[in-house]
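*Asks:* Take this structure, written in structure tokens, and hold onto it; I'll ask about it next.
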Amino acid sequence: MSQVREFTVPARYNGPPGSAQGGYLCGGLAALAAPAQGSTAAVTLLAPAPLDTAMEFRPGQRRSGLWHGEELVATVTTVATGSIPVVDPVSAEIAADCAGRFLGRRGHPFPTCFACGPDRVDGLRLAPGPVRGRDAVVACRWTPRDHGAGEVPAEVVWSVLDCPGGWTVDPRPSPMVLSRMVAELHSPVWTNESYVVVARRDTEHGRTSVNLTALYDAAGVLVASATALWTAVDRG
438 MSQVREFTVP ARYNGPPGSA QGGYLCGGLA ALAAPAQGST AAVTLLAPAP LDTAMEFRPG
498 QRRSGLWHGE ELVATVTTVA TGSIPVVDPV SAEIAADCAG RFLGRRGHPF PTCFACGPDR
558 VDGLRLAPGP VRGRDAVVAC RWTPRDHGAG EVPAEVVWSV LDCPGGWTVD PRPSPMVLSR
618 MVAELHSPVW TNESYVVVAR RDTEHGRTSV NLTALYDAAG VLVASATALW TAVDRG
């Protein structure tokens, strides 16, 4: 039986105030679950994960769990590799133009989010704006800077695949949070290289939506993809 592991999300990697950014959390849990479960991880978030707080990761061959005391925060299962539909790319020029239409520049529900918060000078500062002529599709450019000269950590790539999907609908009237995420990282992501992230709303039902996200390199080659379930929440 695999050993229980301690897992902590540093305070820098927040989404909503006081809790972990969903993509970063999912990426970290996927990495912890991989030795026992293998295949492609599907991470379901059941409760906000606190920051700078030791939690307990309990791995299993079919299902792993993250616990904070008596509360189950997240589970990790697996899905078939290659099952994520891919969003068509846009050019770097179009992605740069889209960023100027990012809805989150005003009225962002979580302006200090590590990935897409406009108030985070030390964050990723993603600004996914609508793509003209493509319904419910957003895009932006991204050049990772804060990771030395090497490969960007997988958790950060998951973060990049997370937030753009939430902006395929306007979350300002009714904030949305990540509930479930599946991601596949096809090749390494490198610091100081230029990338384009594009997201598309796949389905919408009531207070939930399913979104697809893809990350492309400067040559238009797919390097990572994800599908995610988002759920609207009441303002606190």
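Per the working numbering, residue 438 is the first one in the sequence shown, and the count goes up by one each step.
Cβ coordinates follow ideal geometry from the N, Cα and C atoms, glycine included.
Keep in mind it's a predicted model, so treat the numbers as computed, not measured.
For V589 and G643, what's the separation of their Cα atoms in angstroms?
*Replies:* Counted from its first residue, the sequence shown places residue 589 at position 152. Counted from its first residue, the sequence shown places residue 643 at position 206. Roughly 36 Å separates the two Cα atoms.
*Asks:* For G465, which residues in the same chain have their Cβ closer than 6 Å to its Cβ, ignoring the five residues on either side in sequence?
*Replies:* Working through the sequence shown from its first residue, we reach residue 465 at position 28. Correct list, in chain order: E592.
*Asks:* Between the region 547-561 and the region 516-528, do three or more beta carbon pairs fall short of 8 Å?
*Replies:* No contact exists between the region 547-561 and the region 516-528.
*Asks:* I'd like to know if the region 590-609 and the region 535-547 are in contact, where contact means that at least 3 CB-CB pairs between them fall below 8 Å.
*Replies:* The region 590-609 vs the region 535-547: in contact.
*Asks:* State the DSSP-derived secondary structure class of G603, mapped to helix, strand or coil.
*Replies:* Position 166 of the sequence shown, counted from the first residue, corresponds to residue 603. It is helical.
*Asks:* What residue ranges within the region 444-516 form continuous beta strand (DSSP E) runs of no fewer than 3 residues, ordered along the chain?
*Replies:* For the region 444-516, whole beta strand (DSSP E) runs of length 3 or above, ordered along the chain, are 477-482, 492-495, 501-505, 508-516.
*Asks:* Excluding the 5 residues flanking V670 on each side, which residues of the same chain have their C-beta closer than 6 Å to its C-beta?
*Replies:* Position 233 of the sequence shown, counting from 1, holds the residue named residue 670. The residues are P612, V614.
*Asks:* Counting only the same chain and skipping the five closest in sequence on each side, list residues whose C-beta sits under 8 Å from that of E621.
*Replies:* Numbered from 1 along the sequence shown, position 184 holds the residue referred to as residue 621. Here the set comprises T477, T518, G519, I521, A661, S662, A663.
*Asks:* Going by other Cβ atoms of all chains shown within 10 Å of its Cβ, with 16 needed for buried, is N629 buried or exposed?
*Replies:* By one-based count along the sequence shown, residue 629 stands at place 192. Burial call: exposed.
*Asks:* In chain order, what residues of the same chain lie with their CB nearer than 6 Å to the CB of V513, ignoring the 5 residues before and after it?
*Replies:* The residue labelled residue 513 in the question sits at position 76 within the sequence shown. Result list for V513: L466, A470, A478, V480, S501, in chain order.
*Asks:* Using DSSP with H/G/I as helix, E/B as strand and the rest coil, what is G541?
*Replies:* Taking the sequence shown and counting its residues from 1, the one referred to as residue 541 is at position 104. Three-state DSSP puts G541 in a helix.
*Asks:* If you count every other CB in all the chains shown that lies within 10 Å of the CB of S646, and 16 or more means buried, which is it?
*Replies:* Here residue 646 corresponds to residue number 209 of the sequence shown, with the count starting at 1. The residue is buried, with at least 16 neighbouring Cβ atoms inside 10 Å.
*Asks:* If the criterion is Cβ atoms closer than 7 Å, does the pair G459 and L483 meet it?
*Replies:* Walking along the sequence shown from the start, residue 459 turns up at place 22. Walking along the sequence shown from the start, residue 483 turns up at place 46. Cβ distance not < 7 Å, so G459 and L483 don't count as in contact.
*Asks:* Please report the residue range of the alpha helix (DSSP H) in which C535 lies.
*Replies:* Residue numbering aside, residue 535 sits at position 98 when the sequence shown is read from its first letter. Where C535 is concerned, the enclosing alpha helix (DSSP H) stretches over 529-536.
*Asks:* Leaving aside the five residues before and after A468 along the sequence, list all residues of the same chain whose C-beta is less than 8 Å from its C-beta, in chain order.
*Replies:* Translated into positions along the sequence shown, residue 468 becomes position 31. Correct list, in chain order: A591, E592.
*Asks:* Is the distance from the Cβ of H635 to the Cβ of A564 below 7 Å?
*Replies:* Translated into the one-based positions of the sequence shown, residue 635 becomes position 198. Translated into the one-based positions of the sequence shown, residue 564 becomes position 127. Reading the sequence as shown, one finds Val at residue 635 and not His. No, the Cβ-Cβ distance between V635 and A564 is not below 7 Å.
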